[in-house]
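Chains as they are written, first to last, in this note's numbering: chain A, 395 to 939; chain B, 787 to 1158. Glycine is no exception: its CB is placed at the ideal position from the N, C-alpha and C atoms.
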């Protein structure tokens, strides 16, 4: 347990805080590009993360649209199968590592210090470094598309030996890019954990922390635990490709299945890394617009921790058709089914919060409500996938594609957008444009369901994933999915428009922009939040209601 | 409690199967084995459990969204905890899961029992075809997709079984337990026939097993389910399930063909014969990469028409086809092709598309080379 009362500021810190009233003693920040390259301010770095992830969201989205364009009809029309494989692979890698993960880190950078009453992150220079590693990593990754032999074409799960012996020459660059992105994630996670554990306002106990902080604390530990495993597995690939080892090469005594065990030992917690902070965001938004305290705060915390622990024990469910022994199969099936219990608790808590509330439907709430419904649908298909014998039919079909897109797009990404709409008034001092936000929401909801719902059917009917061309009975489903994908993709331009308009102007927001039930510490500082906040630690008061 | 759950499951699956009949092509196939039917039932039970929970959960949610609106003057209640409710909604899902795990475990145990098989078939995945070997029966062949590339490009109208048709289907008897042994020559593939509910990765260096007992004769189609490279979409599986008598007749026919082929190794072959045979082998094995006209698609797949190294060095040519080129996509054909086929395809590639070397490679020579 952390100490109930964090250490009091030292004499030196207190005197600096006292001077804060008459401006900063330190020099003015550099101007132009250098300011952003050198910034150590958590708000500026948070913005950098968010802008970066938005750009990558569009790049990954364009790749997805290339895929959907080719799949609009059977036959090969627009690209060749080789390029198609590069597009599916790059879409997955960019969306996971460059869009969703940095977006959550960006939100953490902006909001965690504000929510716990800290002046900045614990390690501001490290914070700058971990952001600037990202453009390097993904610049390198994207450059592989222009290399001879093309970019990675073995799927975002890069199973050996397709990704080693049979891979294009650019794979070494792919490995390097992933290493750099992994270092960035680990450093970011260490920073967030250190901030949460050490820099809470006096009087704020662990069990007083907003759930976004709690979920990120747990996510931080997940990242620290599994990113090194990813680093290990890609290093083994690097050795196999360039230095003649045979970790994954059966001809040299290696084991291609070992790759999958290692990858999914990283990969399954990774899935929760992309969803736990989303739970935190939604748990802040629903009470705010139901005007009612969150139901079951403590059980939310315990459920998050339980999900995180279980996430280390279920990796085998990605490998049900590999040929594991029966006991292994049973263990992973039971453990996976068990995850439904804490996840169910969360959903029930959100709904109990809504029940007998006083509900209004501002843009953040619309996205949060869609999250609850559509994430739950993704959870249901996840429960179906957990049943190992049934998984023999679902595995590697579009049913799986439907499942994980439901938890990632209207799951993680809708939660990120909900968070952006929720905190934009704090960041910019203006409310997002209401009508345009509603258009963005409804077009996104329709687009997302039109894209991914038919995939359940095409998968059950027998369409394998990652194929550029398909048998005729899947044609109708694919046509609908492609139309939905273009609708969803282009509606995101509205999101950009809303954000830009909100930065430039709009209805002025007060400090407590969303009323009495959005009452975490960030709502006690002015809107827009000044560059430096909480230079004097606030005296934390537990909410009265 | 358990009886109740079984009843519930049974009732739900009845509703499920009538529903499925209406929506064929939208749902998992029931299939033609006892296990595929069991798996289908598990799928429908878990599906209906999800539907029931979904209706309850979303029902409460939408009730709240409609009735407890701020704009209608709803006043928020003040509760935020209730231990009883929280225990109930932790315990009830747990019980449902236990009820679901019991039949799933039973099915899984049956799947994991390949004992007492009456026929063993070795299935080998290769980029991008399947090889079937009837163990102990001296019958083995490759199965390639037979959909013409012109249909893929859209130059020809697409047939009914577009991408799901092969030159040589796997032939199996009904009502017999057939054990499959799966492996791969290169990357990981997955052999999947939805009507059998059998999906198994084929892994280089490993042999895994699975089995099937088919109840109805018919033609069943499936596809490779694990990304295996550029032609992953183009390695379908077709199984022709026959009455046992028909299967025996077919097997004897294939054994005779194999014996005849073995005799062919020792005799002298004419150029025309080799060319004719070679064209067939080239079309089914080589053309997917090196193209029908031997033009290849460089840099990954070099052209064979006018390939200087190949034409200048016949020894290198033979070695490349028999042993492959390590670190590239060119596999070894040592076990995939027999000496007659190897000799024929080498002869064909040395004389087709204006290569005109006049070399006729004899099967006996290749057989001797394979011995070394």
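Check	Outcome
Pairwise C-alpha distance: residue 1005 of chain B and residue 1051 of chain B	34 Å
Contact with chain A by residue 1068 of chain B, beta-carbon distance below 8 Å	no
Close beta carbons around residue 424 of chain A, own chain, < 8 Å, minus the five adjacent residues each side	432
Residue 787 of chain A - DSSP class collapsed to helix/strand/coil	helix
Start and end residues, beta strand (DSSP E) containing residue 1046 of chain B	Taken as a continuous stretch (DSSP letters only), residue 1046 of chain B belongs to no beta strand (DSSP E), being part of the alpha helix (DSSP H) at 1030-1050.
Neighbour list for residue 739 of chain A in chain B, Cβ cutoff strictly below 8 Å	872, 875 and 876
Proximal residues, the region 715-727 of chain A versus chain B, C-beta separation under 7 Å	715, 716, 717, 720, 723, 724 and 727
Three-state secondary structure assigned by DSSP to residue 857 of chain A	coil
Proximity below 8 Å, CB of residue 786 of chain A to CB of residue 714 of chain A	yes
Interface flag, residue 829 of chain A vs chain B, CB-CB below 8 Å	no
Separation of residue 835 of chain A from residue 843 of chain A, as counted between CA atoms	12 Å
Under the three-state DSSP convention, the category residue 1087 of chain B falls into	strand
Three-pair Cβ contact test at 8 Å for the region 1060-1067 of chain B versus the region 1124-1133 of chain B	yes
Identity of the residue in A:455, A:548, A:682 and A:914 nearest residue 747 of chain A by Cα	A:682
Residue 634 of chain A, DSSP secondary structure in three states	helix
Bounding residues of the beta strand (DSSP E) (the contiguous stretch that carries residue 969 of chain B)	964-970
For residue 1105 of chain B, three-class secondary structure by DSSP	helix
Touching by the beta-carbon criterion (3+ pairs, under 8 Å), the region 958-966 of chain B and the region 995-1012 of chain B	yes
Beta-bridge partners of residue 763 of chain B, as assigned by DSSP	The requested residue 763 of chain B does not occur in the structure, where chain B is confined to residues 787 to 1158.
Cβ of residue 402 of chain A within 8 Å of any chain B Cβ	Low confidence applies to residue 402 of chain A: its pLDDT is 49, below 50, so where it sits in the model is not reliable, and the reading given next is rough at best. Cβ-Cβ to chain B under 8 Å: no for residue 402 of chain A.
Length-filtered (3 minimum) beta strand (DSSP E) runs lying within the region 419-448 of chain A	none
Residue 829 of chain B and residue 796 of chain A closer than 8 Å at C-beta	no
Contact check, residue 531 of chain A vs residue 578 of chain A, beta carbons under 8 Å	yes
Neighbourhood of residue 418 of chain A by C-beta distance below 6 Å, restricted to the same chain and skipping five residues each side	Reliability of the predicted coordinates at residue 418 of chain A is poor, the pLDDT of 49 falling under 50, and no value is obtained from them.
Residue 752 of chain A: contacting residues in chain B (beta-carbon distance under 7 Å)	854, 856, 860, 861 and 862
Chain-ordered chain A contacts of residue 1098 of chain B [CB-CB under 8 Å]	Result: empty, since nearest Cβ-Cβ is about 26 Å, beyond 8 Å.
Cβ contact (3+ pairs, closer than 8 Å) linking the region 793-811 of chain A and the region 667-679 of chain A	yes
Anticipated Cβ contact below 8 Å, residue 995 of chain B with residue 966 of chain B, distance rounded	6 Å
is_contact[residue 686 of chain A, chain B] using C-beta, thresh 8 Å	yes
Nearest neighbour of residue 867 of chain A, chosen from B:826, B:969, B:1008 and B:847 [CA to CA]	B:1008
Residue 1004 of chain B - containing beta strand (DSSP E), residue span	1004-1010
Neighbour list for residue 987 of chain B in chain A, Cβ cutoff strictly below 8 Å	715, 716 and 717
Reference residue 911 of chain B, options B:934, B:975, B:871 and B:1017, closest by Cα	B:975
For residue 938 of chain B and residue 749 of chain A, the rounded distance between their alpha carbons	54 Å
DSSP bridge partner residues for residue 664 of chain A (one or two, in chain order)	Answer by DSSP bridge pairing: none, since residue 664 of chain A is not bridged.
Residue 809 of chain B, buried or exposed, once every other Cβ within 10 Å from all chains shown has been counted against 16	Because the pLDDT of residue 809 of chain B is 47, which lies under 50, any placement of that residue in the model is unreliable, and the number read from its coordinates should be weighed accordingly. Residue 809 of chain B should be labelled exposed.
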